[in-house]
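In what follows, a structure is listed as structure tokens, so that the remarks can point back to it.
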Amino acid sequence: MALPQMPDLLQDRVVAAIGDRYDVEGELGRGGMAVVYRARDVRLRRPVALKVLPPDLAFREGVRARFLREAETAAQLSHPHVVPIYAADETNGVAWLAMALVEGETLGARMTRAPRLPVEETRRILAEVAGALAYAHARGVVHRDIKPDNILLDRDSGHALVTDFGIARAAEADTRLTLTGIAVGTPTYMSPEQALGERELDGRSDLYSLAVVGYQMLAGAPPFTATSAAALLMKHVGERPVPIAHLRPDVPLGLAAAIDRALAKKPEDRWADAAEFQRALLAAAPMAAVPAVPSRAVAPPQSVPRPPRPAAPEPTAPLEWRAHRDAAQEQIDNAREQIERARDQLREQRRAWRERHRDQRDAVRDAVKGYANANWSVARSAMPMQPLPLPESALAQPWQGGVERGYPPVALDQRAEWFRRKVIRSVALLAFLTCVNLVTIAASQVPFPWVMFPAIGIIRGLRRRWRPLAREGLSFSEVMFGGGEQAVAASARAHDTGRAERLVRRLQRRVTTFIIGVVGAVVSFIIGASLHAEPMLVPFAGFMILAGLSALSFGVTAIRVRRTGISVRDALGSSWRDALAAADRRPREVILSEQVARLASAEVLGGPYARAVRGAVDDRLTVRETLAKLSPADRALLPDVMPTIDALVQRVAELAQSLHRLDGDISPSQLPQIEARLRAVEAEPATAPDRERKLQLLRRQRASIVELSSKRETLAAQMESAQLVLQNLKLDLIKLRSKGVGAAIGEVSTATQEARVLSRDIAHALEAAAEVRGL
26 MALPQMPDLL QDRVVAAIGD RYDVEGELGR GGMAVVYRAR DVRLRRPVAL
76 KVLPPDLAFR EGVRARFLRE AETAAQLSHP HVVPIYAADE TNGVAWLAMA
126 LVEGETLGAR MTRAPRLPVE ETRRILAEVA GALAYAHARG VVHRDIKPDN
176 ILLDRDSGHA LVTDFGIARA AEADTRLTLT GIAVGTPTYM SPEQALGERE
226 LDGRSDLYSL AVVGYQMLAG APPFTATSAA ALLMKHVGER PVPIAHLRPD
276 VPLGLAAAID RALAKKPEDR WADAAEFQRA LLAAAPMAAV PAVPSRAVAP
326 PQSVPRPPRP AAPEPTAPLE WRAHRDAAQE QIDNAREQIE RARDQLREQR
376 RAWRERHRDQ RDAVRDAVKG YANANWSVAR SAMPMQPLPL PESALAQPWQ
426 GGVERGYPPV ALDQRAEWFR RKVIRSVALL AFLTCVNLVT IAASQVPFPW
476 VMFPAIGIIR GLRRRWRPLA REGLSFSEVM FGGGEQAVAA SARAHDTGRA
526 ERLVRRLQRR VTTFIIGVVG AVVSFIIGAS LHAEPMLVPF AGFMILAGLS
576 ALSFGVTAIR VRRTGISVRD ALGSSWRDAL AAADRRPREV ILSEQVARLA
626 SAEVLGGPYA RAVRGAVDDR LTVRETLAKL SPADRALLPD VMPTIDALVQ
676 RVAELAQSLH RLDGDISPSQ LPQIEARLRA VEAEPATAPD RERKLQLLRR
726 QRASIVELSS KRETLAAQME SAQLVLQNLK LDLIKLRSKG VGAAIGEVST
776 ATQEARVLSR DIAHALEAAA EVRGL
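Remember, our numbering sits 25 above the position in the sequence shown when you count from 1.
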């Protein structure tokens, strides 16, 4: 017996609310936020699609505002490939909007039936959607949710139409529907900046989402899949998809290049706007792309096509043939020179591609270690085992094309951290092999240090990885003992302070190299003498030569360091940075601006907390100058002043950054608005629908905002205390200089202890604020 059909209560309520304007014929589909009905306009006698927000969602102000925002935003757009909005209103608790009825299906339904679409149809759909987005972006509207279900395909014409501007945001709007750090959209099609929850998105975010749709239309699957939304978002941020040419060789090279560029992780590496993307799609030549890994029968391009031979000169007078011959020979020489230059550049490009490919594989390997839901075997299978194919333009003129588009650039501090881990693993491996070699030497009659051969290979590999870092100005000791971030920061400081700091660092490196040479020579001598191993003379001699050259270079560098006004003792001591600062002869304002820019971002320096950061740095400079004018004996009595000052200034900068973020997340008008809504809901009768649910949600929001506001007040008080402690330390040191160290040292020590305690309290407050902000 057939079960009786359950009545559609929502449809009955819709008919009761707007039945005098529209005849509701039936349901077309349901989404995560609304229900769409087929209806007919009673007055105009035309079919419409009626989109309705259910009452259980309509009471939420943010959801209702997002729903009505679609009508407000889409009504501004009049484009052949944008679904037009006819009317919108809220009647008897039912929020609805009427739009044009598109007879057909969504792109998502089409790809469910046929996962891989024809190339020409894919290019046409992408170009039409890109044109609609270009029109919307020119009017300050960013869609922010481009996906196959929001692209409709007309049944008669086959044209694509963009719909669902429900989370679109106009550039000039002030109302903010989301808080910073909350990703809004569909995870499968989110851009990296959208996945990170950035507040301000531009049209290039829509280009990334559209490129993901195009990738799925051609490849039959999206570029990234995962078992959870968090893992999927991390893949959008950190991984590069398999090129389309690997999955579908019949895709034209121009179309594949256009989509690959739109899939760049950084917005500045993508197309400038949707109009440029549309032109690239329309201009894509209908010829198949060359696979990245050619077959054995097809040889990869090894050189650039030679330029055409110069045309033979026309017959001339007998005495002019030498001039024509010389001119032709000059053209040939110029062409050969261009070809050699092109070959050199092509080799450099291939080398850079190989290095970037290796760095990317290391990046995926390091990243997978931190993802609980990721699978290294899956990520490895998604990685191309060969570098990407050279673009056609790069093959034609390799000296003009760059290699930056092959793979996305990797941050310098991350590359330095990878190198540091590689060195640690290599040293551990060499130590193990050395122990094994010693055991074999003790057990064999013919001792031989075979560990030198793997050591040479490992050192060559480390040298290849270190070369680009050294060109960036990083120090090996800073990378190994301070980590990637500290090494990059030290490199920036060395670049700013100039020649003096570079000389000091070079002097320190020479000392380190000399110690390594001496220790290596002593160890080689002991091993060779105890085991009577004559082959150990080779490493002994090598380490001795290294120590001698280091000592010679140390002497030359020490002379140059003393000429800058810094003694060798200060350069090798723990307070060498203070000595550098004292010897810096640049204007105080220049030094102050550089240190402030290194401590805080431009957004913080443009806000109300710039004065606090600048004042803290100014106090530190004053303290450093005061200490520099004391005698070495007096400075030795105050060893903890500058480390404490540096830590406190760093805390002030962190407080300013945290307060700036909290100010962006919390609006002063939010708490009064929630209080007013809470009083309104409490005034409703107890039998009102969803009254308890509303009260729970509103009370939870109020508690979160109150807690964030309390943390903000705590951080503001901590910043004020830090500023006062810094000023007290500065005044106590000035008093110390005028009264003498013996008379004022007690006050300075007390102020230093107070600064340490305050620095620890600030660190705890910052950790608590970060935990609350992450809830």
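Beta carbons: idealized from backbone N, C-alpha and C, even for Gly. Nothing here was measured: the structure is a model prediction, and the numbers come from that model.
Taking the alpha-carbon of residue i as reference, which of the options has the nearest alpha-carbon?
{"i": "VAL448", "options": "LEU463, ASN462, ALA480", "result": "ALA480"}
{"i": "ARG639", "options": "LEU562, LEU577, LEU751, ALA123", "result": "LEU751"}
{"i": "MET561", "options": "TRP475, VAL677, ARG534, LEU733", "result": "TRP475"}
{"i": "ASP45", "options": "ALA59, GLY56, VAL67", "result": "VAL67"}
{"i": "PHE568", "options": "LEU226, ILE551, GLU526, GLY542", "result": "GLY542"}
{"i": "THR825", "options": "SER469, MET477, TRP443", "result": "Residue 825 is absent from the structure shown; the chain starts at 26 and stops at 800."}
{"i": "GLY507", "options": "ILE171, VAL166, ALA441, LEU455", "result": "ALA441"}
{"i": "ASP643", "options": "LYS755, GLY183, VAL586, PHE539", "result": "LYS755"}
{"i": "ILE176", "options": "SER182, ALA300, THR589, THR188", "result": "THR188"}
{"i": "LEU142", "options": "PRO105, ASP275, PRO217", "result": "ASP275"}
{"i": "ALA672", "options": "ALA705, GLN748, MET505", "result": "GLN748"}
{"i": "ILE466", "options": "LEU532, ALA163, GLU559, ILE570", "result": "GLU559"}
{"i": "PHE473", "options": "ASP369, SER549, LEU494, ILE730", "result": "SER549"}
{"i": "GLN241", "options": "ILE150, VAL593, SER692", "result": "ILE150"}
To the nearest angstrom, how far is it from the Cα of residue i to the Cα of residue j?
{"i": "TRP401", "j": "ARG446", "result": "A caution first: TRP401 carries a pLDDT of 40, below 50, which makes its placement in the model unreliable, though a value can still be read off. So the two alpha carbons sit approximately 19 Å from each other."}
{"i": "LEU703", "j": "MET259", "result": "37 Å"}
{"i": "PRO668", "j": "VAL547", "result": "37 Å"}
{"i": "GLN743", "j": "GLU700", "result": "28 Å"}
{"i": "ASN117", "j": "GLU738", "result": "43 Å"}
{"i": "GLY54", "j": "TYR62", "result": "7 Å"}
{"i": "ARG718", "j": "VAL88", "result": "16 Å"}
{"i": "GLY652", "j": "SER735", "result": "Inspection of the sequence shows that residue 652 is occupied by Leu rather than by Gly. Each residue's alpha carbon lies about 38 Å from the other."}
{"i": "PRO72", "j": "VAL40", "result": "16 Å"}
{"i": "PRO109", "j": "TRP121", "result": "14 Å"}
{"i": "ASN753", "j": "ILE670", "result": "11 Å"}
{"i": "LEU34", "j": "ALA287", "result": "45 Å"}
{"i": "SER694", "j": "ASP688", "result": "12 Å"}
{"i": "ALA134", "j": "ALA185", "result": "13 Å"}
{"i": "LEU463", "j": "ARG492", "result": "32 Å"}
{"i": "THR147", "j": "ASP285", "result": "15 Å"}
{"i": "GLY279", "j": "GLU264", "result": "23 Å"}
{"i": "VAL674", "j": "ARG636", "result": "13 Å"}
{"i": "PRO434", "j": "VAL237", "result": "Its pLDDT being 48, under 50, PRO434 is placed unreliably in this model, and the value from its coordinates should be taken loosely. In a straight line, the C-alpha of PRO434 is about 20 Å away from that of VAL237."}
{"i": "PHE565", "j": "ARG488", "result": "22 Å"}
{"i": "GLU145", "j": "GLN363", "result": "38 Å"}
{"i": "ALA244", "j": "ALA157", "result": "24 Å"}
{"i": "ASN359", "j": "PHE302", "result": "37 Å"}
{"i": "ARG496", "j": "PRO140", "result": "47 Å"}
{"i": "GLU115", "j": "THR211", "result": "27 Å"}
I'd like to check one pair, residue j with residue i: are the Cβ atoms closer than 8 Å?
{"i": "GLY239", "j": "ASP298", "result": "no"}
{"i": "PRO615", "j": "ALA681", "result": "It should be noted that the sequence gives Val, not Pro, for residue 615. Result no, Cβ atoms of VAL615 and ALA681 do not sit closer than 8 Å."}
{"i": "GLY129", "j": "ARG180", "result": "yes"}
{"i": "TRP296", "j": "ALA305", "result": "yes"}
{"i": "THR213", "j": "PRO266", "result": "no"}
{"i": "VAL544", "j": "LEU597", "result": "no"}
{"i": "LYS76", "j": "MET136", "result": "no"}
{"i": "ALA741", "j": "LEU684", "result": "yes"}
{"i": "ALA622", "j": "VAL677", "result": "no"}
{"i": "ILE584", "j": "ALA525", "result": "no"}
{"i": "LEU226", "j": "ARG169", "result": "yes"}
{"i": "ALA152", "j": "LEU102", "result": "no"}
{"i": "ALA159", "j": "ALA300", "result": "yes"}
{"i": "LEU93", "j": "ALA113", "result": "yes"}
So if DSSP puts residue i in a beta bridge, which residue, or which two residues, is it bridged to?
{"i": "MET124", "result": "ALA74, ILE110"}
{"i": "ALA367", "result": "DSSP, once it has assigned bridges, lists no residue as partnering ALA367."}
{"i": "THR147", "result": "Looking at the DSSP assignment, THR147 forms no beta bridge with any residue, so it has no partner."}
{"i": "ILE176", "result": "VAL187"}
{"i": "ASP170", "result": "In DSSP, ASP170 forms no bridge with anything."}
{"i": "ASP48", "result": "ARG65"}
{"i": "VAL60", "result": "ARG55, VAL77"}
{"i": "GLU115", "result": "ALA120"}
Any Cβ of chain E within less than 8 Å of the Cβ of residue i?
{"i": "SER555", "result": "Looking for chain E here will not work: only one protein chain is present."}
message: I'd like the ranges of any alpha helix (DSSP H) spanning at least 4 consecutive residues and lying wholly in the segment 580-656.
response: 593-597, 601-608, 613-624, 627-630, 635-653
message: For a minimum of 4 consecutive residues, which ranges assigned as the alpha helix (DSSP H) are wholly contained in the segment 446-506?
response: 477-496
- prompt: Going along the chain, which unbroken runs of the beta strand (DSSP E) with 3 or more residues stay wholly within the segment 217-277?
  reply: none
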